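Encoded as structure tokens, the structure appears first; notes follow it.
Number of protein chains: 2
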Amino acid sequence: MFKKVLIADDLISVNSGVETLLNELHIPQITKVQYCDDAYLKIKEAHKNGQAYDLLITDLSFIPDHRTQKIISGKQLVVVLKKEFPKLKIIVYTVEDKAGLADNLINTQHINGYVSKGRNGLAELKEALKLVAKDKTYISPAIQQIITGSATKNITHNDIILLQLLSQGMPQSQISNYFKTHQLSPSSLSAIEKQLNRLRDYFGAKNATHLVSIAKDLGLL
Amino acid sequence: MFKKVLIADDLISVNSGVETLLNELHIPQITKVQYCDDAYLKIKEAHKNGQAYDLLITDLSFIPDHRTQKIISGKQLVVVLKKEFPKLKIIVYTVEDKAGLADNLINTQHINGYVSKGRNGLAELKEALKLVAKDKTYISPAIQQIITGSATKNITHNDIILLQLLSQGMPQSQISNYFKTHQLSPSSLSAIEKQLNRLRDYFGAKNATHLVSIAKDLGLL
DNA sequence: GCTCTCCTTACGGAAAACCGTAAGGTTTTG
DNA sequence: CAAAACCTTACGGTTTTCCGTAAGGAGAGC
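Chains A and B, in that order, give the protein sequences.
The first sequence begins at -12 in my numbering and counts up one residue at a time.
The second sequence begins at -12 in my numbering and counts up one residue at a time.
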């Protein structure tokens, strides 16, 4: 089991609840923070001192307040940490029940667990801790069901990029150029159109605007 | 101060935290529920028995689980209750820090308070309880600042409808027809175009897709 | 009454999105 | 190797969006 764990959640009540669970599991070193920046600094310093954390349990949404922060979301925190400290295990513990988001984080950021807070979130978190300690990946059943169930399968990284650019108001011609300069293929305008057509079909969207709306609802964006 | 209060939040930890606060304020009757349907039924029954609740404190997002529910979000719950029991005061207590959403709920549903959970959410909730008891409306300072600050002012109900239809993939010509049949004016295609132009300008959107994306981020949709 | 202003509608042209078809390449397969 | 299947790109036409300009109408103020 883990020896040194960092908990990052802005809500004190949640934060404490997780700590209680970790105590039950007899984890010796537990640190709690309420800001992403604090989480990053703690992990960086511990690593430098040769006393690295085994695990980070983090929320995704951190409510901004008077303290200006460099890292303002759990997603950003995950991206930065997984890049800088690949060995650090990360469990995301959040209320966001978006399957697309979970899928995204697991496949592109390689997080080790995605647990949705909920009526019995702590029980799921306990299960996740056991599995992740054994180098496995845990996803909350509800989320897992949605992912394997229907939507958000067959969606490639290119699709996500296309949807992101689209949601930023970029016309298809420019998206084609973007794909060319970033060496994403296929990149022709015709190919972009085809890709979009496929996505519209897949999600049952009437047009690009509708498509972006659906993607945002699913948490893909 | 209030005598009979219902708390609706799916997360037990939050639920308990609020209860503790209400105890401190010496509120005699406190009920907790974890589902929107339960909240609705409790309120309906209490009203029928002539022992109506004074106040509902509710979250907005309720995570779905095995129990199938008729009312699946706090927003739906608010709409239903404010229609059926206009005298019931409602404070929304949520992590959603979307100014557009708060604005929307206050102006169209006439909720009495919008408190964002956060690092000192309970302190704000306490303040809200005092004000709402005096028939005033409370909005968390952070949210208030955003609303009065810049965005989401000057956005009419028609604008919201337009954005919603747009996000559902409806072409402008059909939106014009929709406005005509629902007696919303102006309704001509030209007017719809103009309205859209204004909204694009206002939010700095490049096109309709971008506009919908921004509106969703702000919580207007 | 009148004019002025504001709101709504109408129109025309350029840009972009949408849609089908087909040509040129590449990979797979027998 | 050759045929087939698949992928990528190209092109033309229709619809929709975007944008400027202008005409028609209602109301405000003089």
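Backbone N, C-alpha and C define an ideal beta-carbon position, used for all residues, glycine too.
From a predicted model like this one, the values you see are computed outputs, not experimental measurements.
- Any Cβ of chain B closer than 9 Å to the Cβ of Asp24 of chain A would place that residue at the interface, and such an atom is absent.
- When DSSP reads this structure, Ile17 of chain B sits in a beta bridge with B:Val(-8).
- Chain B places a beta carbon closer than 9 Å to that of Ile(-1) of chain A, counting this residue as a contact.
- With the criterion set as a beta carbon lying under 9 Å from some beta carbon of chain A, the members of the region 87 to 110 of chain B are Ser103, Lys104, Gly105, Arg106, Asn107, Gly108 and Leu109, in sequence order.
- The beta carbon of Ser127 of chain A is closer than 7 Å to those of Tyr101, Val102, Ser103 and Glu111 in its chain, skipping five residues each way along the sequence.
- Contact residues of the region 141 to 157 of chain B toward chain A are Leu153, Ser154, Gln155 and Gly156 (C-beta to C-beta distance below 7 Å).
- Chain B places no beta carbon closer than 9 Å to that of Lys62 of chain A, leaving this residue out of the contacts.
- Residue pairing from DSSP leaves Gly108 of chain A without any beta-bridge partner.
- Looking at A:Asn184, A:Leu152 and A:Arg185, the one whose alpha-carbon comes closest to that of His169 of chain A is A:Leu152.
- Every alpha helix (DSSP H) of 4 residues or more that sits fully in the region 88 to 172 of chain A is shown, in chain order, as 108 to 120, 128 to 136, 144 to 154 and 159 to 168.
- Sequence-distant partners of Met(-12) of chain A (beyond 5 residues in either direction) whose C-beta falls short of 7 Å from its own C-beta, in its chain, are Leu12, Ile14 and Ala120.
- Your pair Ile133 of chain A and Asn99 of chain A does not check out as a contact, with CB atoms roughly 19 Å apart and the cut at 8 Å.
- Along the region 35 to 52 of chain B, the positions whose C-beta sits under 8 Å from a C-beta of chain A are Ser48, Ile50, Pro51 and Asp52, read in chain order.
- If you draw a straight line from the Cα of Asp25 of chain B to the Cα of Ile59 of chain B, it comes to about 11 Å.
- When C-alpha distances from Leu207 of chain A are compared across A:Asp52, A:Ile50, A:Ile147 and A:Val65, the shortest belongs to A:Ile147.
- The beta carbon of Ala(-5) of chain B sits no closer than 9 Å to any beta carbon of chain A.
- Contact of Asn164 of chain B with chain A by beta-carbon distance below 9 Å is absent, the smallest such distance being about 15 Å.
- Cα atoms of Ile(-1) of chain B and Gln21 of chain B: separation of roughly 8 Å, rounded to the nearest angstrom.
- Following the DSSP letters along the chain, one finds Ile30 of chain A inside the alpha helix (DSSP H) bounded by residues Cys23 to Lys35.
- Close partners of Val199 of chain A in chain B (Cβ separation under 7 Å): Thr196, Val199 and Ser200.
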